[in-house]
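Counting in our numbering, the sequence shown runs from 1493 upward without gaps.
The beta-carbon is built from N, C-alpha and C at its ideal position, and this holds for glycine as well.
Just so you know, these numbers come straight off a predicted model, no measurement behind them.
Heads up: the structure comes next, in structure tokens.
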Amino acid sequence: MKIAVTSASGQLGASIVKQLIKEIGKENVIGIARTPEKASHLGVEIRKGDYNDRQQFEQALKGVDAVLLVSGMDEPQKRIEQHRNVIAAAQTNGVRKIVYTSIVGDETKSAFAPIVKTNRQTEEDVRESGLQWAIGRNGIYIEPDLEYLDQYIKAGEIRNCAGEGKCSYTSRGELGYAYAKMLLSDRHNGQTYNLVGQPITQGELAALINQVYKTDLVYHSVSVEDYETERKDELGEFMGTIIAGIYEGIAIGSNDVFSDYEKAAGRVHKAPLEMIQEIKNA
Ligand SMILES: NC(=O)c1ccc[n+]([C@@H]2O[C@H](COP(=O)([O-])OP(=O)(O)OC[C@H]3O[C@@H](n4cnc5c(N)ncnc54)[C@H](OP(=O)(O)O)[C@@H]3O)[C@@H](O)[C@H]2O)c1
1493 MKIAVTSASG QLGASIVKQL IKEIGKENVI GIARTPEKAS HLGVEIRKGD
1543 YNDRQQFEQA LKGVDAVLLV SGMDEPQKRI EQHRNVIAAA QTNGVRKIVY
1593 TSIVGDETKS AFAPIVKTNR QTEEDVRESG LQWAIGRNGI YIEPDLEYLD
1643 QYIKAGEIRN CAGEGKCSYT SRGELGYAYA KMLLSDRHNG QTYNLVGQPI
1693 TQGELAALIN QVYKTDLVYH SVSVEDYETE RKDELGEFMG TIIAGIYEGI
1743 AIGSNDVFSD YEKAAGRVHK APLEMIQEIK NA
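Next up, the structure:
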């Protein structure tokens, strides 16, 4: 059984590859990457695959039994065709199963909605592919908040527009574990899972970070408009809109969803405190 993982040079792809190596050995895992040299450290066969280039995937998916498609990073509209390149190449190569990393969220109500909508379209494309399939809807990663910690400490606060909304954070490590199981067991075929942990508010997130990092952060809520302006000034139009849209989504409850993690992974999702401790100690 050969399993291939796309975007293996990225952090989520790498996490899934590492978990698969533990489960089935490195000789059965293939990493596919737009930039192969960035994935060579994984110690598995690496094949070239840019989502814009269907021909590369026609080659990359030869002899592959199951493929994990990591959602792309481009503008929403481009992603649909990019993902279709991978699905089409999987069909022509006789790949038996496809697993797709989608996202939790609402399709209409926030500035993040266009991203969610394109993920839902790819979900449809995967379901209609004729291949066996499984889909995970990822929660928000907790890692970026911890990577941003120096800025939070400098400001003395976590400030965004999430208000009292709850977010069911996950981590790339937790996702890697669940996706390996979803690839390896046919029990998950035809299932769409919310891959999320326990929901917490931004105030609770600040308190947990304070507990682990011995910081003294407080949480300040600002309006969606003010936060969007601030983020666009710092990150530019595209990323600023996405980041503000994510917190707007949290404010309106889009990320406070029921978790299917245990069904997918066969164990409970780690608590936010445990994830933060592990990331600090890594
Ligand atoms: N749930 C969340 O909180 C959250 C947060 C951020 C992103 N995401 C989504 O999750 C996905 C994976 O996240 P991550 O943590 O692995 O991000 P990451 O570490 O930034 O990696 C992004 C990956 O996407 C690859 N990529 C970009 N454009 C590509 C293309 N045209 N063809 C093939 N590969 C391409 C990159 O390849 P190169 O190495 O060649 O650049 C890299 O491997 C993202 O793509 C995004 O859709 C989710």
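{"Check": "S1677, buried or exposed, once every other Cβ within 10 Å from all chains shown has been counted against 16", "Outcome": "exposed"}
{"Check": "Cβ-Cβ distance between I1522 and T1498 below 7 Å", "Outcome": "no"}
{"Check": "Three-state secondary structure assigned by DSSP to G1631", "Outcome": "coil"}
{"Check": "Proximity test, P1598 beta-carbon vs ligand 1 heavy atom, cut-off 6 Å", "Outcome": "Note that residue 1598 is Asp in the sequence shown here, rather than Pro. D1598: no, Cβ never under 6 Å from ligand 1."}
{"Check": "Range of the contiguous beta strand (DSSP E) that encloses G1564", "Outcome": "Segment: none, G1564 is in no beta strand (DSSP E) and carries neither H nor E."}
{"Check": "Span of the beta strand (DSSP E), counted from its first residue to its last, around G1523", "Outcome": "V1521 to A1525"}
{"Check": "Whole runs of the alpha helix (DSSP H) within the stretch 1713 to 1768, excluding any shorter than 4 residues", "Outcome": "1716 to 1727, 1729 to 1743 and 1753 to 1757"}
{"Check": "Member of I1572, K1494, A1500 and L1504 whose CA lies at the smallest distance from the CA of S1663", "Outcome": "L1504"}
{"Check": "Buried or exposed (CB count within 10 angstroms, at least 16 for buried), Q1574", "Outcome": "buried"}
{"Check": "Expected contact under 8 Å - CB spacing of V1578 and F1549 to nearest Å", "Outcome": "5 Å"}
{"Check": "Local conformation of K1540 per DSSP, three classes", "Outcome": "strand"}
{"Check": "Heavy atom of ligand 1 within 6 Å of L1504 beta-carbon", "Outcome": "yes"}
{"Check": "CA-to-CA distance, I1735 to E1467, given in whole angstroms", "Outcome": "This structure cannot speak to residue 1467, because the chain is shown only from 1493 to 1774."}
{"Check": "Assumed close pair I1634, I1768 - CB separation to whole angstroms, cut-off 8 Å", "Outcome": "7 Å"}
{"Check": "Strand pairing of P1691, partner residues [DSSP]", "Outcome": "S1660"}
{"Check": "Three-state class that DSSP yields for T1707 in the structure shown", "Outcome": "coil"}
{"Check": "Any non-hydrogen atom of ligand 1 closer than 6 Å to I1538 Cβ", "Outcome": "no"}
{"Check": "Proximity winner among I1738, L1623 and M1674, relative to A1654 (alpha-carbon distances)", "Outcome": "I1738"}
{"Check": "T1584, buried or exposed, once every other Cβ within 10 Å from all chains shown has been counted against 16", "Outcome": "exposed"}
{"Check": "Assumed close pair S1746, H1761 - CB separation to whole angstroms, cut-off 8 Å", "Outcome": "Actually they are not in contact, since the Cβ atoms of S1746 and H1761 sit about 18 Å apart, beyond 8 Å."}
{"Check": "Nonlocal neighbours in the same chain, by C-beta distance under 6 Å from T1693, ignoring five residues either side", "Outcome": "E1656 and K1658"}
{"Check": "Own chain, CB closer than 6 Å to L1638, minus 5 neighbours either side, in chain order", "Outcome": "I1771"}
{"Check": "Contact test: N1611 Cβ vs ligand 1 heavy atom, cutoff 6 Å", "Outcome": "no"}
{"Check": "Cβ pair T1593, V1556 closer than 7 Å", "Outcome": "no"}
{"Check": "Three-state secondary structure (DSSP) of V1640", "Outcome": "Checking the sequence, you will find Tyr at residue 1640 rather than Val. Three-state result, Y1640: coil."}
{"Check": "S1602 beta carbon near ligand 2 (any heavy atom closer than 6 Å)", "Outcome": "By its list of ligands, the structure shown excludes ligand 2, since it contains just ligand 1."}
{"Check": "Proximity winner among G1502, R1723, K1673 and T1610, relative to I1495 (alpha-carbon distances)", "Outcome": "K1673"}
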